[in-house]
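Here's the structure, in structure tokens; my notes come after.
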Amino acid sequence: AKPLSAQVLERMSELLSQRVRALAPSQTRTVADLVRALSGMSIQARNLGQCYEVLEAMLRDPDRPTILLGLAGPLIAGGLRQVIRELVEHNLVDVVVSTGAILYQDVYQARGWAHYRGSVQADDAALRELYVDRIYDTYVDEVGFADTDTWIGRIADQLAPGAYSSRQFMDQVADRLDDPLSIVTTCRRHGVPMFLPALNDSSIGIGLTEHHHRRVVANEPGVVISSIQDNYELTQIVARSPATAAFFVAGGVPKNYINDAVVSSYVLGQPDHGHRYALQVTTAVSADGGLSGSTLDEAESWGKVRHGASRAMAWLEPTVSLSLLATAAIQEELAKGRSRLRMSWNGQILERLETVPGG
1211 AKPLSAQVLE RMSELLSQRV RALAPSQTRT VADLVRALSG MSIQARNLGQ CYEVLEAMLR
1271 DPDRPTILLG LAGPLIAGGL RQVIRELVEH NLVDVVVSTG AILYQDVYQA RGWAHYRGSV
1331 QADDAALREL YVDRIYDTYV DEVGFADTDT WIGRIADQLA PGAYSSRQFM DQVADRLDDP
1391 LSIVTTCRRH GVPMFLPALN DSSIGIGLTE HHHRRVVANE PGVVISSIQD NYELTQIVAR
1451 SPATAAFFVA GGVPKNYIND AVVSSYVLGQ PDHGHRYALQ VTTAVSADGG LSGSTLDEAE
1511 SWGKVRHGAS RAMAWLEPTV SLSLLATAAI QEELAKGRSR LRMSWNGQIL ERLETVPGG
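Position one of the sequence shown corresponds to residue 1211 (my numbering), numbered consecutively onward.
Shown next, in the form of structure tokens:
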């Protein structure tokens, strides 16, 4: 065989410098141990381990970037309600951007209803006759959904007519709930704004449609949710932050909404710096060109993620991946000593964005 050149040998040495580190279960005591060990493996184990490294970096950055959590998919149905709530409670996120369905299902539970273990082999025609709705292998009570839809519409009835952002409306919803285990009430208690850019495309939208119908019949003005006001409010948060970090769970509208707020910063005369950190756990593919699975590298071309940003993606279903990341971060107290963000609003104007001691 032809002898290898010194240049080839040097390049080989570089490529073969890091061995795959096999997981040793007997040496793994905590979830945090497990997640850190995954980074030495390969395929999605390594990707998830790298997501955790990005999460740690954004939480411990002395510049205290504003962490924007994007939520999509059947997360409450999947059992992640307390995982998401504890991300807020333990100061791991500063802003929640969600589909309407996720926070609606949190409200549904806060009002005393529940999600139930079901089966993907269920007879859906029979479920329909029994007023049981199926979300993959989870059941919900349609009577409870209908009751919650109407309850939400009645909240709008109590408000002064006019335009509201989804943040403003969800604060009103939170003020009428009494459940310490609710994501919505926990966000409200800690001053974490909730944005639902696709609020109409959910049962919250159904409840608000009831309200709208009553106002049309009575020929009276009612409550309108302004999606552009949502844009404006989130853009103010991004523009006023020293740095931003994106934490995407699945993709959908929340992912692009968070990223577009970076681009929109020019409206307020602020330079578009892109997220300093970004991580995503998803099962969406990138090959179809859709946004949900688009890579964080692709986002750099738009200026949504800055050049040189710390970033990672893992193609793992969120009931597994988010559970592991959140549990490890809380076990290791990654947010210990991290200040909390406080926002003072005058209507749709963000008057102050400041930090206060964490806890």
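Cβ atoms here follow ideal geometry from the backbone N, Cα and C, with glycine treated the same way.
As the structure is a computational prediction, the values presented were derived from the model and not from experiment.
Taking only heavy atoms of the ligand SAH into account, decide whether any of them is closer than 6 Å to the Cβ of residue i.
i       : result
Ala1242 : Among the components of this structure there are no ligands whatsoever, and the ligand SAH is therefore not found.
Can residue i and residue j be called in contact, C-beta distance under 7 Å?
i       : j       : result
Leu1501 : Phe1457 : no
Pro1528 : Ala1460 : yes
Leu1290 : Leu1544 : no
Glu1522 : Cys1261 : It should be noted that the sequence gives Ala, not Glu, for residue 1522. Against a cut-off of 7 Å, the Cβ pair of Cys1261 and Ala1522 comes out as a contact.
Gly1259 : Ser1252 : no
His1421 : Ala1366 : yes
Ala1449 : Gln1480 : yes
Ser1436 : Ala1384 : no
Leu1337 : Ile1312 : no
Thr1396 : Asp1389 : no
Leu1340 : Val1306 : no
Ala1536 : Val1293 : yes
Leu1506 : Val1515 : yes
Ser1412 : Tyr1314 : yes
Ser1308 : Pro1403 : no
Thr1445 : Ser1474 : yes
Leu1265 : Ala1524 : no
Ser1375 : Asp1440 : yes
Ala1590 : Glu1542 : A question about residue 1590 goes unanswered here, because the residues of the chain that appear run from 1211 up to 1569.
Tyr1318 : Thr1360 : no
Ala1324 : Ser1392 : no
Arg1398 : Asp1381 : yes
Gln1447 : Ile1362 : The sequence shown places Ile at residue 1447, not Gln. Not closer than 7 Å, so no.
Asn1301 : Arg1550 : yes
How is the beta strand (DSSP E) around residue i delimited, first residue to last?
i       : result
Ala1287 : Taken as a continuous stretch (DSSP letters only), Ala1287 belongs to no beta strand (DSSP E), as it is neither H nor E.
Thr1240 : Per DSSP, Thr1240 belongs to no beta strand (DSSP E) and is neither H nor E.
Leu1560 : 1559 to 1566
Leu1551 : 1550 to 1556
Arg1327 : 1325 to 1327
In this structure, what does DSSP give as the bridge partners for residue i?
i       : result
Phe1355 : Beta-bridge pairing links Phe1355 to no other residue.
Met1222 : Answer is none; Met1222 lacks a bridge partner.
Gln1490 : Phe1458, Met1523
Val1515 : His1485
Quick one: using the 10 Å Cβ neighbour count with 16 as the cut-off for buried, is residue i buried or exposed?
i       : result
Tyr1349 : buried
Pro1407 : buried
Ala1455 : buried
Arg1377 : buried
Arg1562 : exposed
Met1222 : exposed
Thr1565 : exposed
Leu1225 : exposed
Gln1368 : exposed
Thr1276 : buried
Leu1534 : buried
Ile1416 : buried
Asn1469 : buried
Ala1234 : exposed
Pro1284 : buried
Pro1452 : exposed
Thr1240 : exposed
Asp1498 : exposed
Glu1430 : exposed
His1517 : exposed
Val1353 : exposed
Ends of the alpha helix (DSSP H) at residue i?
i       : result
Thr1537 : 1528 to 1541
Thr1419 : 1413 to 1427
* Any chance you could list the beta strand (DSSP E) runs of at least 3 consecutive residues sitting entirely within the segment 1336 to 1407, in chain order? => Segments of the beta strand (DSSP E) lying fully in the segment 1336 to 1407: 1342 to 1345, 1348 to 1351, 1372 to 1374.
* **Segments assigned beta strand (DSSP E), at least 3 residues, entirely inside the segment 1431 to 1483** => Runs found: 1433 to 1435, 1454 to 1459.
* Start-end ranges of the beta strand (DSSP E) lying completely within the segment 1249 to 1318, minimum 3 residues -> As summarised for the segment 1249 to 1318, the continuous beta strand (DSSP E) elements at least 3 residues long and confined to that stretch are 1276 to 1281, 1305 to 1308, given in chain order.
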